[in-house]
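Asker: Residue numbers (our numbering): 1 to 199.
Backbone N, C-alpha and C fix where the C-beta goes; we use that ideal spot for every residue, glycine too.
Because the structure is a prediction, the values reported are computed rather than measured.
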């Protein structure tokens with residue numbers, strides 16, 4: 001929900017007011033950079049893509065519809081910049097012959113939500129939970145970019161399937177498929193490489 005002040009700034013930005021653009025960036029730049037940083041391999045790449053995203057936001061400002069969610073629009077541009085950055089590397093997505101059970105996916109979803117929330121169950125488990133969060137975060141970084149994107153949008157940004165489809169431009173069914181496959185890859189890596197059962 002846009003505030004009246006933000007709406008005015010957006011309208012001014014669309015008309016070419018650079019000061020309004022800078023004020024909006026002050027509100028969104030940290031969130032935008034953190035989103036990009038979750039999708040890329042290192043901070044140098046994140047910085048490059050962040051700058052490219054800002055350039056594109058300004059370049060395509062007149063295409064923004066005031067009926068749309070401004071944050072989702074920004075994330076959509078950032079996603080496209082990430083995808084273009086890695087385009088030569090992502091022509092072929094992984095496919096697998098066997099699928100996880102529904103229960104496995106639900107368990108993994110719960111685990112990912114804990115990681116997103118940064119919650120530990122109790123003080124005694126805090127260190128273990130922190131290590132587990134770092135493991136999950138590292139494995140997410142290894143996913144193919146489309147899978148990484150939907151995972152970050154779903155669990156870090158807490159976007160609905162419909163919002164993810166809007167941000168990425170993927171069909172709704174593709175969003176669900178990518179999430180399912182990402183769950184499966186993470187499940188497999190956790191069990192094989194880290195000996196974490198039943199996640």
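#1: Which residue's Cα is closest to the Cα of residue 32: 22, 17, 54?
#2: Among 34, 156, 68, which has the Cα closest to the Cα of residue 78?
#3: If the criterion is Cβ atoms closer than 9 Å, does the pair residue 189 and residue 139 meet it?
#4: Is it true that the region 57–71 meets the region 36–43, where meeting means three or more beta-carbon pairs spaced less than 8 Å apart?
#5: Going along the chain, which residues of its own chain have a beta-carbon closer than 6 Å to the beta-carbon of residue 85, five neighbours each way excluded?
#6: Write down the C-beta distance between residue 153 and residue 167 rounded to the nearest angstrom, noting that I regard them as a contact closer than 8 Å.
#7: Using the beta-carbon count (16 or more within 10 Å), is residue 132 buried or exposed?
#8: Helix, strand or coil for residue 41, going by three-state DSSP, please let me know.
Answerer: Taking the structure as given:
#1: 54
#2: 34
#3: yes
#4: no
#5: 49
#6: 6 Å
#7: buried
#8: coil
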